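Presented below is the structure to which this report refers.
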Amino acid sequence: MAKKLLIRDLTLRDGQQSQFATRMNQNQVDRLLKSFNKAHFYAMEVWGGAVPDSVMRYLGEDPWDRLEKIKAGVGEASKLTALSRGRNLFGYNPYPEDVIEGFNRNAIKSGIDIMRIFDALNDIDNMRSTIKYVKENGGMTDCCICYTVDPKFSTKDKIKAMFSGKKLPDNLFSIDYFVNKAVELEKAGADMISIKDMAGLINPAMSAKLISALKKAVKIPIDLHTHCTPGYGLGSVLMAMVNDVDIVDSVIMPFAGGPAAPAFELVQVFAKKLGLETNVDLAAVKEIRTELFKIRKELAKFDQYKLFPKDFDPTDKLPAEVEKLFDDAIAAAKKGDTDTVTDLTQQIERYFNFPKPNEVVRMAQIPGGMYTNMLAQLQAGKIEHLLPKVMEMVPIVRLAAGVPPLVTPTSQIVGTQAVSCVINLNSGKAMYENTSVQFVNLVKGGYGHTPWPVDPAFREKISGKREEQ
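Per the working numbering, the sequence shown starts with residue 49, numbered consecutively.
Shown next as structure tokens:
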């Protein structure tokens with residue numbers, strides 16, 4: 049009997065959010081539901097993230113209506129997933145307990161089967177209420193650990209820290225860090241664990257080590273969620289598959305690649321060659337893919353790349369040289385040759401006309417959206433020449449704020465403050481003369497416990513109080 053690989057399709061939430069600013073309207077969604085009902089993905093992420101906000105703000109539609117119509121169309125063929133920010137729900141600030149309870153109760157009543165829960169600081173205390181209320185109302189809890197990497201400090205910063213007697217974090221976000229979080233989440237009631245890599249920073253080598261370690265540490269299923277922005281996505285998914293990951297997140301081809309997750313069709317080719325059964329109906333996926341190409345054209349004004357991938361079906365015969373790329377990538381993955389895996393999977397994506405890796409994001413090791421937002425702020429003031437200084441400032445500000453993972457909303461908070469600090473210094477002002485309310489709250493502890501302790505003297509300087517809130 050073939051081993052199973054479960055597929056969570058992200059097309060209707062993360063796919064369209066990453067590629068087209070979450071602008072799919074209800075009519076466009078409705079056109080896909082009959083085919084999604086036949087596709088039988090294990091799960092479909094359809095709600096949460098930016099979807100409810102965008103549906104109301106830009107489309108004038110009802111997000112609850114969106115969810116209920118998807119549930120009516122898909123039925124029990126796939127488990128519907130929503131992305132929740134724990135105590136912040138779909139917002140950016142903590143909500144009271146009764147709101148968290150009522151929201152989760154109604155989300156499950158309206159069609160959500162799996163609530164995917166994350167906290168920007170990986171503070172599990174911020175996730176406990178949602179875990180509790182989802183389970184009480186009959187839902188499944190997919191508890192995320194936000195993947196991130198340590199700040200990259202310049203030589204100057206390292207020397208300065210050494211002479212000031214201040215310790216810089218070293219290997220803070222280690223394998224043990226993520227494994228310990230997973231063990232704690234399993235004890236807290238998680239039904240599955242997702243490594244949620246919003247920036248696509250997990251490389252194939254780390255993917256292999258982390259998935260292998262997690263499979264040994266917990267009994268519940270492990271899911272890998274990553275993006276293709278810096279060029280690691282497909283290779284990291286392959287390494288996860290070779291190391292027995294239970295669930296993989298992917299997007300149907302016209303909405304995949306670049307800032308989004310890897311293409312399902314390419315994952316399916318690897319799965320078949322590895323003897324893994326996804327149980328996805330490929331004829332139904334073909335129907336969805338055909339319609340998505342049309343919808344992508346309709347969303348042209350929101351399409352940042354305007355680079356359409358080839359129309360490929362996993363049942364198509366590949367050219368011999370492309371077939372060899374897949375076979376060689378699998379051989380390299382089984383040997384643990386992750387550099388070759390990265391090279392070959394990038395060649396595969398290049399053949400299918402996906403966007404090339406974003407080298408700025410890869411080198412800076414920050415999310416693409418964070419980089420774009422900082423650049424936009426500088427361009428608005430016609431001071432984009434300060435970007436290199438802002439990039440150097442990011443790890444300094446991040447360290448001062450407790451080394452938060454760079455995901456929503458902390459990536460925006462740290463990025464905006466880094467821009468502000470550079471502008472202040474460039475104007476002859478004190479570095480932290482201007483601080484956002486959000487940055488002050490982050491330093492105070494208003495968002496939760498940070499992975500690295502905030503210096504009490506810095507907290508007092510910024511917020512007026514030495515002790516964490």
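Glycine included, each C-beta is placed from N, C-alpha and C at the ideal position.
Predicted, not measured: the structure shown is a model, and the values here were computed from it.
CA nearest to the CA of residue i, picked from the options
i	options	result
alanine 309	Val467, Ile55 and Gln395	Ile55
valine 520	Glu515, Val299, Thr59 and Phe374	A question about residue 520 goes unanswered here, because the residues of the chain that appear run from 49 up to 517.
leucine 258	Trp112, Glu346 and Cys194	Cys194
arginine 79	Gly493, Arg337 and Val442	Arg337
phenylalanine 13	Ile378, Ile396, Leu347 and Thr386	Since the first residue shown for the chain is 49 and the last is 517, residue 13 is missing from the structure and cannot be characterised.
phenylalanine 487	Gly476, Leu473 and Val451	Val451
alanine 332	Ile172, Pro252 and Phe84	Phe84
tyrosine 399	Lys204, Asn421 and Phe356	Phe356
asparagine 170	Asp62, Lys404, Asn228 and Asp385	Asn228
valine 293	Lys430, Ser255 and Met188	Ser255
threonine 189	Ser132, Gly150 and Leu286	Ser132
glycine 150	Ile162, Thr129 and Tyr181	Tyr181
valine 467	Val266, Tyr140, Gln427 and Leu107	Gln427
asparagine 401	Ala311, Pro362, Ile414 and Lys52	Ala311
alanine 130	Trp112, Gln460, Ile431 and Ile414	Trp112
proline 405	Cys276, Ser158 and Asp173	Cys276
aspartate 271	Ile165, Lys117, Gly323 and Ala304	Ile165
tryptophan 500	Ile148, Pro443, Lys119 and Lys51	Pro443
Per-residue DSSP class, three states only, for residue i
i	result
serine 95	Reading off the sequence shown, one finds tryptophan at residue 95, where the question assumed serine. Reduced to three states, the DSSP call for tryptophan 95 is strand.
histidine 273	strand
alanine 253	helix
arginine 56	strand
valine 502	coil
glutamate 516	coil
lysine 204	helix
lysine 215	coil
leucine 128	strand
methionine 188	strand
isoleucine 336	helix
glutamate 440	helix
leucine 324	strand
lysine 345	helix
lysine 358	coil
lysine 263	helix
methionine 51	Sequence inspection shows lysine at residue 51; the methionine mentioned does not correspond to that position. Three-state result, lysine 51: strand.
alanine 311	strand
Bounding residues of the alpha helix (DSSP H) (the contiguous stretch that carries residue i)
i	result
aspartate 161	No alpha helix (DSSP H) contains aspartate 161, which DSSP labels as neither H nor E.
alanine 379	368 to 383
lysine 86	74 to 87
tyrosine 495	Taken as a continuous stretch (DSSP letters only), tyrosine 495 belongs to no alpha helix (DSSP H), as it is neither H nor E.
Cβ-Cβ separation, residue j to residue i (assumed contact under 8 Å), whole Å
i	j	result
isoleucine 268	methionine 240	5 Å
glutamine 11	proline 307	Residue numbering for the chain in the displayed model covers 49 to 517; residue 11 lies beyond these limits and cannot be assessed.
threonine 70	alanine 87	Not quite, the Cβ-Cβ distance comes to about 22 Å (not below 8 Å), so this is no contact.
isoleucine 343	methionine 72	7 Å
isoleucine 3	alanine 168	In the structure as shown, the chain begins at 49 and stops at 517. Residue 3 is therefore absent and cannot be evaluated.
tryptophan 95	arginine 135	Incorrect: roughly 18 Å between the Cβ atoms, too far for contact.
lysine 206	leucine 216	7 Å
proline 362	leucine 330	6 Å
Alpha carbon of residue i to alpha carbon of residue j, nearest angstrom
i	j	result
arginine 410	glutamine 517	35 Å
glycine 186	threonine 483	43 Å
lysine 200	lysine 437	14 Å
threonine 274	valine 296	9 Å
methionine 439	glycine 248	18 Å
isoleucine 160	methionine 479	45 Å
valine 370	leucine 392	10 Å
serine 242	valine 231	12 Å
serine 298	lysine 477	47 Å
serine 202	valine 470	16 Å
Residue i, enclosing beta strand (DSSP E) - first and last residue
i	result
methionine 240	240 to 244
valine 296	295 to 298
Cβ of residue i within 7 Å of any chain D Cβ
i	result
leucine 366	In summary, chain D is missing from the structure at hand, where a single protein chain is found.
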